[in-house]
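Numbering (the numbering used here), first residue to last: 174 to 317. Ideal Cβ positions, reconstructed from N, Cα and C, are used throughout, including at glycine. Everything below concerns the one structure shown next.
Written as structure tokens, this is what we have:
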């Protein structure tokens, strides 16, 4: 669309919005008009199992609720489980990669602290600062 503002011409390219026509909204001056809805990807609502005064119910589509109920009955009858705590209890404890990385990171950090402390202690000895040497030796004992 070509536009002009204070003698400056420019072309506006507005984004194309996809819409879909809904049900008839009514008539205006003899012409029927329809609702226009934006076309978008529907967002699924979360399925929640709730309980009110001892009566269990679920939110969501009734067909989906029925599927969830049947799946729960199947897992109870056949002994299959999707509960992560039950699965974890059946498995033998294994140290995860994360724990190994954290342990290695901790030892590397301590090595760097010790190396930095040694360098600072060497500089203090070169300068002859006895008070700083005592402080650094106390810090060294705390690290060990």
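Under a three-way DSSP split, which group does residue i fall into?
i	result
residue 232	coil
residue 249	helix
residue 270	helix
residue 196	strand
Have a look at residue i and residue j and give me their C-alpha separation to the nearest angstrom.
i	j	result
residue 189	residue 174	13 angstroms
residue 224	residue 232	11 angstroms
residue 181	residue 221	57 angstroms
residue 304	residue 280	29 angstroms
residue 249	residue 240	14 angstroms
residue 306	residue 274	34 angstroms
residue 298	residue 292	10 angstroms
residue 285	residue 230	58 angstroms
residue 294	residue 271	34 angstroms
How many whole angstroms separate the CB atoms of residue i and residue j, which I take to be in contact at a CB cut-off of 8 angstroms?
i	j	result
residue 287	residue 316	6 angstroms
residue 212	residue 192	6 angstroms
residue 313	residue 290	6 angstroms
Excluding five sequence neighbours on each side, which residues of the same chain lie with their C-beta closer than 8 angstroms to the C-beta of residue i?
i	result
residue 207	194, 195, 196, 197 and 198
Report all residues from its chain with a CB closer than 7 angstroms to the CB of residue i; omit the five preceding and five following residues, and keep chain order.
i	result
residue 185	174 and 176
By Cβ distance, which residues of its chain are closer than 6 angstroms to residue i, with the 5 residues on each side in sequence left out?
i	result
residue 311	none
residue 209	192
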